[in-house]
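As structure tokens, the structure follows; a few thoughts come after it.
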Amino acid sequence: MISFSIAQTSFRPKALLLPVTKDSSTLQYLTQINQRTPLVPIQLTLDLGNAFLWVDCEQGYVSSTYKPARCRSAQCNLAQSKACGECFSPPKPGCNNNTCSLLPDNTITNTGTIGELAQDIVSIQSTDGSNPGRVVSVPNLLFACAPSFLLEGLASGVKGMAGLGRTKIGLPSQFSAAFSFDRKFAICLSSSTRSNGVVFFGDGPYVFLPRNFDLSESLIYTPLFINPVSTAGAFFEGENSAEYFIGVKSIKINNETFRLNSSLLSIDSKGNGGTKISTVKPYTVLETSIYSAVVDAFVKALANVKRVAAVPPFGACFNSSNIGSTRVGPAVPDIDLVLQSNSVFWRIFGANSMVQVSEDVLCLGFVDGGVKPRTSIVIGGHQLEDNLLQFDIATNRLGFSSSLLFRQTTCSNFNFTSNA
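The opening residue of the sequence shown carries number 20 in the working numbering; numbering runs sequentially from there.
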């Protein structure tokens, strides 16, 4: 058994905290961890569905505490590695003999490769749910080494991807094992490129200014589903998907249901179909027939507003001078993702459904994913912003807040300044 012992401290945090920023040029969500000895800040693209943390070990990985995972070790077993490798250059991080390998995956470019499984120290800030607390360390956090070419397509300065996926070596599972807290985490992505959102590892409270609301107390819950077939760019045969799927049964616009091919909404035996949540797709991506139905219904419900030429990647754009504004964004028809029953739905208001592409043009922020995509509905970053989502891996349950703008707060209102 691997001991995730807590380094040089008897303090046991109840939860941990990562700040998240939105990169204005790529629309990727970025975070930073401190890793290695001596500690170095490592910028990473946040990837909700990636199976583990991977970093570039080819350029400038210097650490006295780096340890490759030896073939057939407990670490390889925990990571469910199916490959064992040799390296034909002098030993260095990412290149050691008799080590097991994983398949790090760049989900932006859909590129996978092979990389060494390793351990190193990571330090991260704790939280009491209201403020940042003291920094704590995980001495042997498992991750995959990747070659530098895998960074292609990631934001400038990024050195890897922070995988929050539902595996034993996803960051949520490793942090909860290290500090013995529940296998839960929450994300709250800011809509601004100038202010931080947040990831919490552990249970609530999740307290936001200005009124010190604990958002964990007012979530709506829906089951999370396991896709039995990996959706990664590269994977070992027989692996489940590390991504988070929910059960959308229908979609309503202005409270009216319209016809969809319902077979697309469930996951088939080959792992195709269904609905997943993604932080690497900037906008929600819909299978073509679902996309057309949503656009038609939305345009019909917004018939009094002039449609203008489409601005790629969007297909439905409008003259915004005829659209009023509300507390929850542009005054447009609500879009409801109906879940396990008609009374449980994720309501998408104008702030999350519309994208301002120029001074007088607003577009519906959904894109056409083609006729046979792997997953029928991929809920993307723009639709997640200023919503708190809690993922409970142990009980397969998603808690979601719907738009925080209703409560006169946002995801950038966590108090990062004072220490607990």
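Every residue, glycine too, gets a C-beta built ideally from N, C-alpha and C.
With contacts defined as CB atoms closer than 8 Å, Leu49 and Ala174 qualify as a contacting pair. Within the segment 88-151, the complete beta strand (DSSP E) segments at least 3 residues long are 102-104, 118-121, 134-146, listed from N- to C-terminus. Here His401 is near Asn371, since their CB atoms are less than 8 Å apart. Here Phe368 really is in contact with Ser422; their C-beta atoms are around 5 Å apart, less than 8 Å. Taking the CA atoms as reference points, Tyr310 sits about 34 Å from Arg202. Of the candidates Gly134, Gly223, Pro110, the residue whose Cα lies closest to the Cα of Asp147 is Gly223. By a beta-carbon distance limit of 8 Å, Val218 contacts Val39. Their separation comes to about 6 Å. Straight-line spacing of the CA atoms in Ile272 and Gly113 works out to 50 Å. For the options Thr56, Gln409, Gly293, Lys325, the alpha carbon positioned closest to that of Val81 is the one of Thr56. Minimum Cα-Cα distance from Phe227 among the listed residues Pro32, Ser420, Lys33, Arg31 corresponds to Ser420. Per DSSP, Phe255 is not a residue of any alpha helix (DSSP H), being assigned neither H nor E.
The C-beta of Val390 has fewer than 16 other C-beta atoms within 10 Å across all chains shown, which makes the residue exposed.
By alpha-carbon distance to Ala320, the top candidate from Asn274, Ser108, Gly293, Asn361 is Asn274.
Contact annotation: Ile143 and Thr84 have beta-carbon atoms that are not nearer than 8 Å. Non-local C-beta neighbours of Arg366 in its own chain, meaning closer than 6 Å and more than five positions away in sequence, comprise Asp353, Asp355, Ser421, ordered along the chain. Leu234 and Gly134 have their alpha carbons spaced roughly 39 Å apart.
The C-beta separation of Asn415 from Pro301 comes to about 27 Å, leaving the pair out of contact by the 8 Å criterion. Assigned with DSSP and collapsed to three states, Gly388 falls in coil, not helix or strand.
Here Ser192 is buried. Its C-beta has 16 or more other C-beta atoms within 10 Å.
For Cys76, the secondary structure class from DSSP, reduced to helix, strand or coil, is coil. Residue ranges of uninterrupted alpha helix (DSSP H) with 4 or more members, entirely inside the segment 348-409 and ordered along the chain, are 369-372, 400-403. Put simply, the segment 120-135 touches the segment 248-256. At least three CB pairs are less than 8 Å apart. Put simply, the backbone Cα of Phe385 is about 5 Å away from that of Thr303. In terms of CA proximity to Thr128, Gln47 leads the group Gln47, Ser339, Ser210, Glu404. Check the Cα spacing between Asp66 and each of Leu305, Asn150, Tyr263, Lys33: the tightest is with Tyr263. Under the DSSP assignment, Asp66 falls in the beta strand (DSSP E) whose first and last residues are 59-66. Shown here, Val318 sits in a helix according to DSSP, grouped into three states. Taking each of Ser297, Ser209, Glu404, Gln78 in turn and checking the Cα distance to Thr394, the smallest one comes out for Ser297. Gln427 carries a coil assignment under DSSP once its states are collapsed to helix, strand and coil. Ranked by Cα distance from Thr429, the first of Asn231, Asn116, Ala165, Asn438 is Asn231. Excluding five sequence positions before and after Leu283, the CB atoms of its chain that fall closer than 6 Å to its own CB belong to Gly292, Glu306, Ser395, given in chain order. Boundaries around Ser195 are those of the alpha helix (DSSP H), 190-198, since no beta strand (DSSP E) includes it.
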